[in-house]
Amino acid sequence: MLLLMSSNSNFSVYSDVASTSNSNNNDNSNLPHKDKVKRAEIKLSAFFAEHNVAFCAVEHLVPLLKNVCTEPEVVQDLSLARHKCTKIVKNVIAKREVEKIVECLRTCKFSVLIDESTDISDRKLMCIVVKYVSPISRNVNTQLLELLSLDSTDCSASKIFETFKQFFTNKAIPLKNIVGLACDNASVMVGCNNSFMTFLKIEVPELITLKCICHSSALIASHACDQLPSACEKLVRGVAILFSAWLCIKVGCNSSNAVHIIYKLENVTYE
86 MLLLMSSNSN
96 FSVYSDVAST
106 SNSNNNDNSN
116 LPHKDKVKRA
126 EIKLSAFFAE
136 HNVAFCAVEH
146 LVPLLKNVCT
156 EPEVVQDLSL
166 ARHKCTKIVK
176 NVIAKREVEK
186 IVECLRTCKF
196 SVLIDESTDI
206 SDRKLMCIVV
216 KYVSPISRNV
226 NTQLLELLSL
236 DSTDCSASKI
246 FETFKQFFTN
256 KAIPLKNIVG
266 LACDNASVMV
276 GCNNSFMTFL
286 KIEVPELITL
296 KCICHSSALI
306 ASHACDQLPS
316 ACEKLVRGVA
326 ILFSAWLCIK
336 VGCNSSNAVH
346 IIYKLENVTY
356 E
C-alpha cells in the first residue's frame, strides 16, 4: 500500500490509495475539490512507481491529460492496449511524421547520415538520418527518415546507391538538395572508385563528405605510432602487463584459499 501523508488530517484521503489497479473502487464524490486533486496526483504518482515509468515524463503527461480529459464521455470510451498503441505509432503517427519531413526536404537543402547494420534476423538495413533547417521553426532538426532493407546477397556500392536513389525518387525528393554526406570509412562508402560517395557525387558534384571522426582518429593515431621507435610500444605494453599481473596477484592473496594453495605447492618435490 502506498501511503503518502503530509499530516494527520490528510490520512483519510491518502490511506486508501493502494495502487492504480484498484483506483476506480474508491468513492471520492463526497470529498472537497482540493482533496480530489490530491487523490488524482497520488494515483498518477503510484502509476509511475508501479510501472517503472521515468518521472521526467510526468511533466509532459499532465498537460496532455488536461487536453484530453476535457470531455468525460471521450475518456470513458477510450480503448487502448499495447498492440493497438504499437499499430497507431507505426501506421499513423510515424507515417504522418515522415510525410512532414518529406515535405520539408522537397524544398530545402539537407545533409544525410547513412549507416548499415544487420538485425538479429540477419536482415541488412540502411539507416537514413537527415539534418536540415526547418522552414517553419528555423531550428536545425536531426531526424530519422527511413530504415531501408538491403539485399544481403549483394551489398555493393552500386546496389546500395540504387536503393538509396529509388527511395528519394519515390518520395519526390530531389537529390540535388543534398549538400552533405556523413558515413563510416568503409571502402564501399567512401572509396575513391565505385563507392557510394562517387555515385552520389555524379548526381551532386558539390557534395561535402564527412567521414567517421572516430575511425579517422584511430587511423591518425595508428600512423602516428608507426613513426615512434618500437621500444616505446614494448615499454607501454610491458607496463600494462605488469600492473595487470599485480592486480591478479593481489586478488589471489586476498582469497581465503590462497594460503592453502601456497602450502600445497611448498610440499611438492620434484625428482
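Using this note's numbering, the first residue of the sequence shown is number 86, and each one after it goes up by one. Ideal Cβ placement from N, Cα and C applies to all residues, glycine included. Values in this document were obtained by computation on a predicted structure and should not be read as measured data.
DSSP places residue 228 within a strand segment (E or B) once states are collapsed to three. Burial check for residue 150: the Cβ neighbour count within 10 Å stays below 16, so the residue is exposed. Taking each of 252, 243, 257 and 306 in turn and checking the Cα distance to residue 276, the smallest one comes out for 243. Residue 195 has 217 and 263 as its beta-bridge partners, per DSSP. Around the beta carbon of residue 218, fewer than 16 other beta carbons sit within 10 angstroms, so the residue counts as exposed.
Contact annotation: the region 158 to 167 does not touch the region 197 to 206, with fewer than three C-beta pairs closer than 8 Å. By the 16-neighbour rule on beta-carbons within 10 angstroms, residue 285 is buried. In terms of CA proximity to residue 265, 193 leads the group 193, 279, 312 and 305. Excluding its 5 nearest sequence neighbours in each direction, residue 258 has C-beta neighbours in its own chain below 6 Å: 190 and 191, listed in chain order. In this structure, the beta-carbon distance from residue 210 to residue 267 does not fall below 8 Å.
Listed in chain order, the beta strand (DSSP E) runs fully inside the region 268 to 312 are 293 to 296, counting runs of at least 3 residues.
When the Cα atoms are used, residue 287 and residue 315 turn out to be separated by approximately 44 Å. The criterion of a C-beta distance shorter than 8 Å is satisfied by residue 297 and residue 269.
Of the residues assessed, residue 280 falls on the buried side of the cut-off, its CB having 16 or more other CB atoms within 10 angstroms. For residue 195, the number of other beta carbons within 10 angstroms of its own is at least 16, and it is reported as buried. When secondary structure is reduced to three states using DSSP, residue 202 falls in the strand class. Between residue 187 and residue 256, the CB-CB gap stays under 8 Å. Considering only 127, 273 and 133, the residue with the shortest C-alpha distance to residue 246 is 273. Between the alpha carbons of residue 231 and residue 123 lies a gap of roughly 44 Å. Bounds of the alpha helix (DSSP H) holding residue 167 are 167 to 173. One thing to note: residue 326 has its Cβ no nearer than 8 Å to the Cβ of residue 292. DSSP lists 203 and 235 as the bridge partner or partners of residue 209.
Taken atom to atom, the span from the alpha-carbon of residue 130 to that of residue 184 is near 36 Å.
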